[in-house]
Structure formats: structure tokens, C-alpha cells
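The structure appears below as C-alpha cells.
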Amino acid sequence: MDKTFQPADIETRWYTTWENAGYFAPSGEGSPYSIMIPPPNVTGSLHMGHGFQEAIMDALIRYHRMTGCNTLWQVGTDHAGIATQMVVERQLEARGTNRHELGRDAFIDKVWEWKEESGGTITRQLRRLGSSLDWSRERFTMDPGMSAAVQEVFIRLYREKLIYRGQRLVNWDPALHTAVSDLEVISEEEKGHLWHFRYPLTSGDGHLTVATTRPETMLGDTAVAVHPEDERYAHLVGQTITLPLTGREIPVIADDYVDREFGTGCVKITPAHDFNDYEMGRRHDLPLINILDDDAAINEQAPEAYRGMDRFDARKQIVADLDELGLLEKVDDHTLKVPRGDRSGVVIEPYLTDQWYVDARTLAKPAIAAVENGDIQFVPKQWENTYFAWMRDIQDWCISRQLWWGHRIPAWYDEAGNVYVGNDEASVRSENNLDASVVLTQDEDVLDTWFSSALWTFSTLGWPEETKDLATFHPSSVLVTGFDIIFFWVARMIMMTLHFRDEVPFHTVYVHGLVRDAEGQKMSKSKGNVLDPIDLIDGIDLESLVQKRTAGMMQPKMAARIEKATRKQFPEGIDAYGTDALRFTYYSLASTGRDIKFDIGRIEGFRNFCNKIWNAARYVLMNCEGEDCGQDAGSDFELSLADRWIIGRLQETEAEVAKAIAQYRFDLASQAMYEFVWNEYCDWYLELSKPVLWDDEASDAAKRGTRRTLIRVLEASLRMMHPLMPFITEEIWQTVAPLAGKTGDTIMLQPYPVADESAVDNAANADIEWLKQVIVGVRTIRGEMNIPPGKALDIMLSNGDDNDKDRMTIHAPALRKLAKLESITWLENTESAPVSATALVGNLEILVPMAGLIDKDAELARLGKEIEKLGKDLSRIEGKLSNASFVDKAPAEVVAKEREKLAEQQAAMEKLREQEQRIQAI
């Protein structure tokens, strides 16, 4: 093995080896275990959320592969209708053309060209993360097999009257000219205004005042609503107002939806431009007046003076006109949630259009029952409540998109507007006895991307054909996903799979949290706090990082702010940490919480863990290669207390890890591995092995036993850690395995270690714990009294029982070696003991005589300086916290940190004072 661990040198080499050897494919033996990857966008690149999610799935797959399961991790990408079309359209714009000039077929050809040339970024990054996906089965939501499944589902649902075409409100993107899903709408607070307008009563007896944040929509008002129990307006219900600027008379209606405590208690109702108003309009049979066109400009339904104006230009003109008429009562500053398209950035409009819909309410009933009866379980369980809340209030699903890239809706129209659905025009004509004289035109729209991904678990396995893979791997074992798409994807998969397969798509839904930055802020480009997993793996210099973070920023001020923040946060760029360190960081954060705070300090710690494992392996190999390690049958070896202890602790750790993985608690699994490997194997057992291996008086059998244990525990630990840290474990295992009597080409196909309770030696555990505590006690005294670590000490033990005496005798060689002792004496009477520093192990007292060990005056002078410095820090913090202005005005988290710092400094001062008193007593 190389002297230092260099992850870049081994990761690509091993991944290429694994993939080329076909190790990721199902074995064909054992119980089936399958996971379908949530298909990333073909346009996408790996972000922290992806990295976290893929790491979880890979751990599950590698773990079950090693336990003997017939594992399949199905890989594939989503065609990402809007995102992909935008990428190619921008390329065309840069060349001075557009999709309309090319025509639909030529444009689609261009998209396929882009996909083949540039659409593989994220799959290359998945490999970089070590994801053991079966690449031989890679699917794409637009490939022929998937397209056939999508078409089959649409046609069957249409014929079952579960798909229909209708006019309803949708989220409309005026820049992209398409309906978009709620997931593609980002609503964030922005500063705006609340305009208060007077609507005159037609009777001439006054007016009603309404407030709105969107004045332009008043051109489409069809009612004013008040609460039925609002005494102020009860006498006006049934009367009309004359809508300003339009001259239309609209009724005053009563509805429980109105909040009589908000504003004036009067609400303008625009059913064609507001989702809540639309529902009220249906209840009261109000007309729908759409006053916008596809560009969100005012259309011919509005008064002529505003026709053709952009909605925001019209807003200004309408406010000015109402003000001139004396109908603008006041304007208030108002913070509101503004919905914007996540791709286009423009304000989304509720818009009345003809779209295709799925009858989601009918499909939802068995999907709700599948979770209620336990056929599908959510982990953590509380996410079931979110699922039920959405599903029990589900609305019909708009599945059409006004794009060219995607699965084109298999519907044709004749000149009379009749609709025909089928596989193609020829089959439509044949099935409906339509001759060539009937002109048919195919629907221009494509299906929502979520429609095809809703079929993902079974369409990837060959459906509608009843394939062997479908019979073997469906239902899949677990879905790993974020909470933000429980409704958009999880629920729709459950609905579609139950309807078409009469079985659930998966047995378990493991819902993970959202990866945020160290302060808990959502990662976003505009905040400049985005971390790229590949940058953390490979490292990136400062200038490249700045360029990457500010690329595409349209606003110079924002780019400058992000550059400044980046230079402050990463003055030297980002170090290369390697894949294993990043993955282990992810697992350490995989608790049941909703948010995951990613602190780069943690990945530094786990890079140190990788180095620790590497150096431990080098120590083991240096002491075991070329030596008799007691692996041969009938070999004469003797296990020491330390050997029996570490073997037992390995069994307990294996049991703990298996339990944690079964509960999807990767934080607990990684913690158990870390504590065993770092603290117990590396820090304690390797040290306990040295007195045996380096002692000329130790027997050959004892040395063989220790070498055997060193190798076998290391080899088992590598297999235990492999699902979480695939690269370093494979690299070390290749060298260690032969010494442990293991054969095989790769660790990933070795059996996962299973705990053997009979190998747990409780007596050895108790003895070694005693030894550890005594050594820690001596080391603590050294640290507190500032005694050099190389100075050999004379210690005395007292107040213990017979077990303590026996253990002192048994462990004397290890104590002398590991605690750097000159002598160990049992003291019967502590009254005659010299002035000593002390530590306790239960009732056992450890005494280290101080005479001659330290320069009393020098040590008191040093302590005095530390106490003085700490006192100044304490005074500063106490002064800050006693300042009412600071406590009242500073953010709560800042004040809390200062209080925490005060408590820590006070505890440190107390220790220094105690140490000072002990030295003064010498």
C-alpha cells in the first residue's frame, strides 16, 4: 500500500473495473431486492440533494447485494420536457433561428442530437459518486419501450373515461407558453402594493371598497363577495355594482370563504384569473371572463383602451384611470408571495385554457387504502399524514403541456371537433371507420413529464409486456425520495401502478430531508451557498469556484455579492476530499429530520477517518505480511484479553449496524462504524497489540493470535463499511483478504458480516474497559498538570477491590507501555500517600505523585497567565450579554451562541482554578 491515501488514484480505476466486470447486474440468485432510481433530468447535473439520495440508495443496494439478494438498481433519466426544450431553444437563438422556423420534426431531431452529445453529464457524475447502478439496463423516458407504455396508459385511461379534455384554470407561464405544475412554480415573498378601489353600487347609494394586489384582473371581475354573517353588508347581498372601466353590472354575493376581518370584508371575484375565485365562481354559477392572452397581454374581452397591453403596463394604466375617476381610495405597501416559473423566472398567471386531465379522485381511492392497510409504509411514518392530506383533497391532474419535446398526446380531431384517441392515425381511422375524406389533425400538446415518470417502476421493466424482470423485481423494495415530491411523483406512481398492475409499486417509501447549508439556509445560486458534490470530491481552486458560482448571473450586483461571499468562505478554494469522505458525511446526516445541515467541517473529519483507516491497514500489513497469522486449519494460536474484546466488540457493532440499516437510520449505522473503527480498533486495539507483537517474551501462539485478530477484524470491518465507503474498502481489502484466507475478485460480492453473539466475551469486555479507564485517567492527569507525554511516571492505585488488584497484575505490561509508566504500586493506606494528582475509575483511585514532575513556580505562572486571559474574555462576553440593546436587537441565534460561549468559558475557568489549587498544595 502507498504511504498515504490518495482517493483520486483509486476511485476511477475501481469504478471502471466494477462496471466492466458486470458486478452491478443482478446475480440471478437469492431473494429479489430492487430500487428504481428517481430519474434525474437529462439536462441536469449532480447537486447536493442528488448526492445525498444516490448515496443512500447505493448503500442499500451494496448492502443487500452482499447479503446474497438478487439486486437490481434500475437506472434511467427523465426527458424533462420544459428544461430540455429551453436548452435547445437557447442554442437555436444563439444561431439566429428558432423552433418555429425549423418546424416540429426538425426541432425534435435537434433535441435528440443534443441528448446524444450532451445529455450524459449527470450519469457520468453518478459514476463518480460510486453509484453501483446496472448501466446495461439504462432507460430514458422517451425511449421506444417507455413511449409504448405511456401511449398504452393514455389510451386505456381515456377509454375507461378516466382521462378527459376540459377548460379549467392552470398555472400558465407566459414566457414558455405552457401550463406548468405546482412543483415548477416557486413562490417567494416580494415587496408589492395593495390597491383599494371603490366599486359604485348600481343603485347610486354609495360604493363598496375592495383591495387587490393585481389591479389588471379587475377587468375580469364577475362579482363582489361578502361573508353571509357580516351585518355591514347583509342588506347589499343580491344587489349589483357597476364595474368601473367596463360598465358591466356584477352581483354582490355571500360566501363563507370571505374573511370578514381582513381588509374591508369585501372581495373582488375574478373566476378566470384566481384559483380560489374559480371555486367560488363554480359555487355561484358566475361567468368566466378571461381578459389575458397566451402572452399575458390584455385580450379582446377587455375594454378596447387596454387591449394588447402587457399585463403590468395595463396595471399602471388602470390604476391611473381609476385614480382620475376618484375611485382609488388608497395604496398600501404590501409583502406578498409572488409565483414565478422556476425555469423562466416570469410571474405565473392562473389562466383559463383547454387541457387534458386525469380523474385523480377515482385513482386516489385504492392508493389511499394501500397506505392505510400497510401495503406501503412511509419511513419516517409521519409522512403518511402528508400523503393522506394531499390524497384526500386531490384535484384532477392536468397532464397536457404546450411543448414540442415530450410524448405527444395520441389524440386526433376532425374538422367538426370530434376527438379520436388511438396509437396512430391509421389505427384511429380503422377503428372509427374514417375514410381519407375526413381530415384529421393530431393534438399539438405533449404529456406532462410526471405522467411518464408515474409509470417508472413497471415501465422500466418492460411493461406492457409481461417480462421475466417484471415478475422478478416488481413491486420494488423501497423508494428513496425527498418529501417535496411525495404528491407529484410518489402518489402518482402509487395510483398508476395499482390501476395497471393491481399491485403496489414499492413496499417502503424512505423520505429524506432537504440538504441545506451549515446555517440551515436552503442552497440556491442567488445566495451563493450552493456546493457541488463533484467539487467536494475532486477539489476546485478559488478562481474556478468563483467563475462557476457567478456564471449566468444577469445582475452584476448579485454576481459581485456572490463572488465576495465565495472568496470569504473559501479563500483557498475547496480541498479534494474524495468520494468516500463525502458519502460518509451524507450518512452521518441521514437522520429522521426534515432538514439536513451540511457543514464542510464534517467532511474534513471524515477525510481524516479515511486516512485513519489507511494508516491502520498499513500498520496491520507491516506486522502481518510474511508472518504466520494463524489462518491455517489446526494452527496453534492464543487469543489475548484484548483479542477477545475486539472480536466481541466487532460482533456487537455488526448487530448495531444491521439494526440501523433495517430502520433506514444511516446516521446510527455510520456512527457505530466510526466509533468501532476509529476509537476501539485503531485507537485502542492497535495499541494493545503492540505489547504482544513487540515483546520478546510473548509466546509465538500469542503473537499468532494477535496477528490473526488484527487481520480478521480489519477484513470484516472493511466488508461492514463497504456499502458506505466503497473505494477505500475495496483498495485495502485486495491486500488484506489473502492474509485473512479470503478469496474473490472484489469485496462488493463478498458476504456481509453477520454478528455472532457467542463470540462476545463479557469478561474480556469488563477487563479491557478497566484498562482503558485507567490509561485515560493517567493521560488526563498528564494533560491537566502539563506533564510531558514522554515522561515516565510512577503511579499508585488504591481504594479498589480484589478485582482491581488482579487486573493491575494482569495488565501491568500494557499499562507500562500505553500509559508510559515507570512503576505501578498498590497503596493500602492513602493517608501516607505523597501529594498527588488523582483520577477515579469507579472506586479505584489513581494517584500520580507530583514531587519532581513539574516546576511548581513555572506552572503556577503559566496558569496565572491563562486565568488572566480567560478572565478578560469572560468580562467581554458578560458585558455584551448584560447590554439590553444587544440582547433585544441581535438575532436569537447570535445571542444563544454568546450564552453558550459564556458557559464554556466559565467551565474552563473553574477547571483552571482547581488545577491551580492542586499545584499550590504540592
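In this text, residue positions in the sequence shown follow the working numbering: the first is 2, and each later residue adds one. Ideal Cβ positions, reconstructed from N, Cα and C, are used throughout, including at glycine. Source: prediction; values computed, not measured.
Close CB contacts of Val320 within its chain, under the 7 angstroms cut and outside five residues either way in sequence, are with Trp196, Pro216 and Leu329 (chain order). Each of Met722, Gln774, Pro790 and Gly77 was checked against the Cα of Met809, and the nearest Cα belongs to Gln774. Burial check for Gln126: the Cβ neighbour count within 10 Å reaches 16 or more, so the residue is buried.
Annotation: the continuous alpha helix (DSSP H) that includes Ser119 extends over Arg105 to Ser119. A residue is called buried once 16 or more other Cβ atoms fall within 10 Å of its Cβ, and Asp542, having fewer, is exposed. Collapsing the DSSP output to three states places Asn884 in coil. Take Val505, set aside five residues on each side of it, and the residues of its chain with a beta-carbon closer than 6 angstroms to its own are Ala371, Asp376, Ile377 and Pro476, in chain order. Residue environment: Lys743 is assigned as buried (16 or more neighbouring CB atoms within 10 Å of its CB, all protein chains considered). Shown here for Thr473: same chain residues with a beta carbon closer than 6 angstroms to its own, the five before and five after excluded, namely Pro33 in chain order.
Trp113 counts as exposed, since fewer than 16 other beta carbons sit within 10 angstroms of its beta carbon. Assignment of Asn624 by DSSP, reduced to helix, strand and coil, places it in the helix class. Across the set Val151, Lys528, Ile538 and Ala361, the C-alpha of Ala361 shows the shortest separation from the C-alpha of Leu163.
The segment 55-74 and the segment 743-759 touch, with no fewer than 3 CB-CB distances between them shorter than 8 angstroms.
Arg502 and Ala365 have their alpha carbons spaced roughly 15 angstroms apart. A check of alpha carbon separations from Arg312 across Ser132, Gln403, Val420 and Pro175 identifies Pro175 as the nearest. In this model, Asp470 and Gly463 are separated by some 8 angstroms (Cα to Cα). Taken in chain order, the complete beta strand (DSSP E) segments of 3 residues or longer contained in the segment 795-864 are 822-827, 837-842 and 845-850. In this structure, Cys625 keeps its C-beta atom at 8 angstroms or more from the C-beta atom of Leu532. If you draw a straight line from the Cα of Ala852 to the Cα of Pro790, it comes to about 17 angstroms. The three-state secondary structure of Asn71, taken from DSSP, is strand. The DSSP-derived three-state label of Tyr414 is strand. Within its own chain, the residues whose Cβ lies closer than 8 angstroms to the Cβ of Gly540, once the five positions on either side in sequence are excluded, are Gly574, Ile575, Asp576, Ala577 and Tyr578, listed in chain order. Looking at the backbone, the Cα of Asp135 and that of Pro27 are separated by about 8 angstroms. Three or more beta-carbon pairs separated by less than 8 angstroms are not found between the segment 485-493 and the segment 86-105, which leaves the two stretches without contact.
Of the other Cβ atoms in all chains shown, fewer than 16 fall within 10 Å of the Cβ of Leu337; this residue is therefore exposed. Counting only the Cα atoms, Glu139 lies some 21 angstroms from Trp15. Under the DSSP assignment, Met37 falls in the beta strand (DSSP E) whose first and last residues are Pro33 to Met37. The Cβ atoms of Val440 and Asp415 sit closer than 8 angstroms to each other.
Counting the other Cβ atoms within 10 Å of the Cβ of Pro892 gives fewer than 16, which makes it exposed.
Within the segment 714-790, the alpha helix (DSSP H) runs of at least 4 residues that lie entirely inside it are, in chain order, 727-737 and 763-786. The segment 182-192 makes no contact with the segment 205-221, as fewer than three CB pairs between them are under 8 angstroms. Exclusion of the five residues before and after Gly264 leaves Ala212 as the residues of its chain whose Cβ lies within less than 6 angstroms of its Cβ.
In the displayed model, Ile563 falls within a helix according to three-state DSSP. With fewer than 16 neighbouring CB atoms inside 10 Å of its own CB, Trp827 falls in the exposed class. Within 10 angstroms of the beta-carbon of Arg900 lie fewer than 16 other beta-carbons, which makes it exposed. Here Leu326 is exposed. Its C-beta has fewer than 16 other C-beta atoms within 10 Å.
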